[in-house]
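Peer 1: One structure, pasted below without further comment.
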Amino acid sequence: MLAVAFAAIGVAQQVWHVGSLPWVSLALPLTFAFYGLIRKQAPVAALPGLVVETWMLVPLALIWLALNPTAVSVQPEFWTTTQAIWLAAAGPVTLVPLVCFNAAARHLPFTTLGFLQYVAPTLVLLLAVLLYGEHLTTSTLITFAFIWAGLAIYSVDIWLKSRGRH
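In full-length UniProt numbering, the protein residues as written are 1 to 166.
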């Protein structure tokens, strides 16, 4: 519970600093948590389940394409060869983590799965600061410090519990 409190303080601090609720930043993890819950309970292996999910979304994608024929992203002549290669490469780069997540969702406790979702934003932060030279604000640093303190508390707790069983 202490770990969750630390993470919540970090998120609350960021909300306070921004001055409003960051709806997208809250909606994305909530919907992904709901997705994780469904994947945890679904009696389907990771890859076949993802194939079914993708095919379920194909009609929606086709409807969007039909309703937006003049969208720049729909017109193939908009894409350069390099952009087309990057677009094609985005498939496996997206697919592999999703399959891994779906496989892990069936085997890990849901709390562990939830805490692991903080890894991606942390990697994005590190890329932004170290690779792209973006400025790391004090507010962002405080937010991540609280979140990572919560993750550390949770990890130590799990480690101690596993040592006690052996």
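C-beta: ideal position from N, C-alpha, C; glycine also.
Measure the CB-CB distance between residue 136 and residue 129 and report whether it falls below 8 Å.
Peer 2: Residue numbering aside, residue 136 sits at position 136 when the sequence shown is read from its first letter. Residue numbering aside, residue 129 sits at position 129 when the sequence shown is read from its first letter. Contact: yes.
Peer 1: At 4 residues or longer, and completely inside the region 33-75: list those alpha helix (DSSP H) runs for me, N to C.
Peer 2: Segments of the alpha helix (DSSP H) lying fully in the region 33-75: 46-67.
Peer 1: So the alpha helix (DSSP H) residue 91 belongs to, where does it begin and stop?
Peer 2: The residue you call residue 91 lines up with position 91 of the sequence shown. Per DSSP, residue 91 belongs to the alpha helix (DSSP H) from 81-107.
Peer 1: Could you tell me if residue 80 is buried or exposed, where buried requires 16 or more neighbouring beta carbons within 10 angstroms of its beta carbon?
Peer 2: Residue 80 sits at position 80 when you count from the first residue of the sequence shown. With fewer than 16 other Cβ atoms within 10 Å, it is exposed.
Peer 1: Closer than 8 Å is the cut-off here; do at least three beta carbon pairs connect the region 98-107 with the region 144-158?
Peer 2: Contact between the region 98-107 and the region 144-158 is absent, because fewer than three Cβ pairs lie under 8 Å.
Peer 1: Should residue 7 go down as buried or exposed, given a rule of 16 or more other Cβ atoms within 10 Å for buried?
Peer 2: The residue you call residue 7 lines up with position 7 of the sequence shown. Residue 7 should be labelled buried.
Peer 1: Using DSSP with H/G/I as helix, E/B as strand and the rest coil, what is residue 133?
Peer 2: Within the sequence shown, residue 133 is the residue found at index 133, counting from 1. Residue 133 falls in the coil class under three-state DSSP.
Peer 1: So, is residue 146 buried or exposed, given that buried needs 16 or more other C-beta atoms within 10 angstroms?
Peer 2: Counting from one through the sequence shown, the residue named residue 146 turns up at place 146. It counts as buried.
Peer 1: How far does the alpha helix (DSSP H) with residue 7 in it reach, from first residue to last?
Peer 2: On the sequence shown, residue 7 is found 7 positions in, with the first residue counted as 1. From DSSP, the alpha helix (DSSP H) with residue 7 extends over 2-18.
Peer 1: Taking only three categories from DSSP, how would you classify residue 22?
Peer 2: Against the sequence shown, residue 22 aligns to sequence position 22. In the structure shown, residue 22 sits in coil (DSSP, three-state: anything other than H, G, I, E or B).
Peer 1: DSSP three-state call for residue 211: helix, strand or coil?
Peer 2: Residue numbering for the chain in the displayed model covers 1 to 166; residue 211 lies beyond these limits and cannot be assessed.
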